[in-house]
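Here is the structure we will look at.
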Amino acid sequence: MVNPLNVEGANPFEIAQEAAKQITNISGIPSHDIALTLGSGWAKAADLIGETVSEIPGSEIIGFSKSAVIGHVGTIRSIRLPNGKHALVIGARTHFYENHGVRSVVHSVRTAAATGAKTMILTNGAGGIKPQWAGGAAVLISDHINLTSSSPLEGATFIDLTDLYSKRLRDLARTVDASLDEGVYVQFRGPHYETPAEVQMAKIMGGHIVGMSTALEAIAAREAGMEILGMSLITNLAAGIQTTPLSHAEVLEAGRNAEARIGKLLAEIVTKL
Ligand code: HPA
């Protein structure tokens, strides 16, 4: 199937507008207030934050592709929150390592913005550099280091990334759980996990969390003028910090073990927005 985002001359913002129109037509919800991208371990939050009005397979919306990763849910849900606001929950994340191009990676964020969302919650499963995060800690992202050598911004689009991961929203999250720690997220391209030497490099550079998503999406969300909350579930300690080999099965299992707890946490944070 041709990816419309990569067709020469395509305008990714127009395609996001088109995708948002399709979501509006199918869900019957004219606009959304907040959007959430749920990564490994976070899917349960969708069941807890409110009443699902509509669940749409990503493949029915222009520009979205079926999730290539087992364990990543490929649907888009429109949810009515108890306070009457509407949330768009994106389970159909496209990763940079899938090689569909950076426009595809950020299409969900641009679509969320086009549905009216002013707040973007980006979640992921990631490796932890701080040993005290072993055992499935949920942590706030305070900043990022983008090691993908890419950007969703095209041309001379100069966007300020100071306070990219909103201090206001991190403080608000801590009113739900005062013990939430925070750290700098380092996005690697993947899909291989990092070498222990790369993890040490990330640490020396000021990183605390290693993963394969989120940073590019956050940049696009900021370009769209959204306020961003980023959260990682530490599914494993990063390579070399933990001495046993990493595996996707381990990541999924950690996600399953944590999902009820972190789903509830995220649902409580969402009600405060
Ligand atoms: N590194 C990168 N991505 C990840 C990891 C990791 O250790 N764990 C889960 N996603």
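Counting from 11, one number per residue, gives the positions in the sequence shown under this note's numbering. Beta carbons: idealized from backbone N, C-alpha and C, even for Gly.
Tell me whether residue i, by its Cβ, gets closer than 8 Å to a heavy atom of the ligand NAD.
i           : result
residue 156 : The ligand NAD is absent from the structure shown, which contains only the ligand HPA.
Just how far apart, CA to CA, sit residue i and residue j?
i           : j           : result
residue 105 : residue 200 : 9 Å
residue 124 : residue 43  : 11 Å
residue 8   : residue 141 : Nothing about residue 8 can be read from this structure; the chain reaches only from 11 to 283.
residue 261 : residue 203 : 11 Å
residue 255 : residue 248 : 10 Å
residue 231 : residue 250 : 32 Å
residue 208 : residue 90  : 42 Å
residue 78  : residue 84  : A caution first: residue 78 carries a pLDDT of 49, below 50, which makes its placement in the model too unreliable to give a value.
residue 80  : residue 86  : Model confidence at residue 80 stands at a pLDDT of 47, short of 50, so the residue's coordinates are unreliable; what they give is reported in the following sentence. Approximately 16 Å between the Cα atoms of the pair.
Which residues bound the alpha helix (DSSP H) around residue i?
i           : result
residue 18  : That residue, residue 18, is in no alpha helix (DSSP H); it is neither H nor E in DSSP.
residue 280 : 258-281
residue 229 : 225-233
Hey, residue i and residue j are a contact pair by Cβ (cut 8 Å); roughly how many whole angstroms apart?
i           : j           : result
residue 280 : residue 122 : Residue 280 to residue 122, Cβ: 14 Å. No contact.
residue 100 : residue 58  : About 16 Å; that fails the 8 Å criterion.
residue 223 : residue 134 : 5 Å
residue 192 : residue 180 : 6 Å
residue 265 : residue 50  : 5 Å
residue 190 : residue 148 : 7 Å
If you drop the 5 nearest sequence neighbours on each side, which residues of the same chain put their C-beta closer than 8 Å to that of residue i?
i           : result
residue 176 : 237, 238 and 239
residue 229 : 116, 156, 161, 162, 163, 169, 171 and 174
For residue i, I'd like the list of residues in its chain whose CB is within less than 6 Å of its CB, leaving aside the five on either flank, ordered along the chain.
i           : result
residue 28  : 72
residue 159 : none
residue 115 : 104, 106 and 226
Need the endpoints of the beta strand (DSSP E) that residue i sits in, please.
i           : result
residue 239 : 237-247
residue 301 : With the chain represented from 11 up to 283, any question about residue 301 goes unanswered, as that position is not in the structure.
residue 44  : 44-47
residue 38  : Unbroken run through residue 38: none, as it is neither H nor E.
Runs of beta strand (DSSP E) lying entirely within the region 183-207, each at least 3 residues, in chain order | Whole beta strand (DSSP E) segments, 3+ residues: 191-197.
Inset, instruction - Can you check the region 51-128 for any alpha helix (DSSP H) of at least 4 residues that lies completely inside it and give the ranges in chain order? - result: Counting only runs of at least 4 residues, the region 51-128 fully encloses the following alpha helix (DSSP H) elements, listed from N- to C-terminal order: 55-58 and 112-124.
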